[in-house]
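Right, one structure below, let's go through it.
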Amino acid sequence: MSGLRIEELPDRLVVTLDRPEKRNAIDADLIGELHEVCAELEARPRLLLLTGGTEGIFAGGADIGQLRERGRTDALAAINQAAFARIRALPMPSVAAVDGPALGGGAELAYACDLRVCTTRAVFGQPEVRLGILAGAGATYRLPALVGEARAKELLFTGRRVDAEEALRIGLVNRVVAEPAELLPSAHELIDEMAKGSALALRLTKLAVDAPPAAHPHLDLVSQAVLFEDEEKRRRMTEFLERRRSR
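Be aware that the sequence shown starts at 1, since it is given in the numbering used here, and climbs by one per residue.
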């Protein structure tokens, strides 16, 4: 892959955007590579850590040169939206580690992940209206879910940028670290905490949280029924009771 660097670990995939000369702009080739990553994680589910590295840029948005030449049929093809929706729907949770600007499509890529960790120099923004388009790769519905309708509308209507402090305060990110060197360790620490749980329980919990309201409580009941019959549940509960007895 030319636009991504990939590190495979036993329980997670670490994917780094790697187009520094283009400020990690999201072009059609990069979208194709993200689809390949999704195919791998759909076939063999693992946790995902997605980052732009610690060089002061997550993703500066879509490639404006390509975007300018796209027409209505390209918009209807949902080029970026389809890839980001696929990331959102991955079987196991994903974490975006953001250092520096995450703008336009770059911000929408971060929103597509389940959780976000950033540095103090991270900046999020949706400048699309100033370019004559709308945020069409997920921000119009993911951003309201994250920060509330009124605040999301303000950010989408004005293109105002949000710094790390505000992002944490409004719930756009889960953690902020002071130094870039702390970013990936903090993201891995968050993934480590998730990895302590049952993989099947984690997968079904993500499925339940992301399901539409009409799916509840039926999906929860069926998922719990599956987990109640899982040998992993019996083993973990037995170990818990034994630890309690030993205390």
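Glycine included, each C-beta is placed from N, C-alpha and C at the ideal position.
Quick test of your reading: residue i and residue j, contact by CB under 8 Å. State the CB separation rounded to the nearest angstrom.
i, j, result
"arginine 19", "alanine 25", "6 Å"
"threonine 140", "leucine 155", "That pair is no contact at about 11 Å."
"arginine 169", "valine 117", "Actually they are not in contact, since the Cβ atoms of arginine 169 and valine 117 sit about 15 Å apart, beyond 8 Å."
"leucine 49", "alanine 83", "The Cβ separation is near 17 Å, so there is no contact."
"alanine 59", "glycine 65", "Not confirmed; about 15 Å, so no contact."
Taking Cβ positions, are residue i and residue j nearer each other than 8 Å?
i, j, result
"glycine 3", "leucine 17", "yes"
"alanine 195", "aspartate 11", "yes"
"alanine 167", "phenylalanine 124", "yes"
"leucine 184", "alanine 77", "no"
"glycine 61", "glycine 105", "yes"
"valine 95", "alanine 187", "yes"
"glycine 56", "aspartate 99", "yes"
"alanine 137", "glutamine 81", "yes"
"proline 127", "leucine 103", "yes"
"leucine 115", "leucine 41", "no"
What is the residue span of the beta strand (DSSP E) that residue i lies within?
i, result
"arginine 5", "4 to 9"
"threonine 16", "12 to 17"
Start and end of the alpha helix (DSSP H) containing residue i?
i, result
"leucine 90", "First-last for leucine 90: undefined, no H or E at that position."
"arginine 234", "231 to 246"
"isoleucine 31", "28 to 43"
"alanine 225", "218 to 228"
Please report how far the alpha carbon of residue i lies from the alpha carbon of residue j, in whole angstroms.
i, j, result
"aspartate 163", "arginine 121", "7 Å"
"glutamate 179", "glutamate 189", "15 Å"
"glutamine 224", "arginine 46", "21 Å"
"isoleucine 87", "valine 177", "24 Å"
"valine 147", "valine 226", "33 Å"
"alanine 199", "leucine 207", "12 Å"
"valine 129", "lysine 153", "12 Å"
"proline 101", "proline 93", "23 Å"
"arginine 203", "arginine 235", "18 Å"
"leucine 109", "glycine 159", "17 Å"
"glycine 171", "leucine 219", "26 Å"
"glycine 32", "methionine 1", "10 Å"
"alanine 75", "glutamate 7", "32 Å"
"histidine 216", "threonine 205", "12 Å"
"threonine 238", "arginine 5", "41 Å"
Every unbroken beta strand (DSSP E) within the region 93 to 126, with a cutoff of 3 residues, ordered by chain: 94 to 98, 101 to 103, 115 to 119 and 123 to 125
Sequence ranges, beta strand (DSSP E) only - wholly within the region 119 to 201, length at least 3: 123 to 125 and 175 to 177
Ordered list of alpha helix (DSSP H) runs contained in the region 46 to 92, each at least 4 residues: DSSP runs (the alpha helix (DSSP H)) wholly in the region 46 to 92: 64 to 69, 72 to 76 and 79 to 88.
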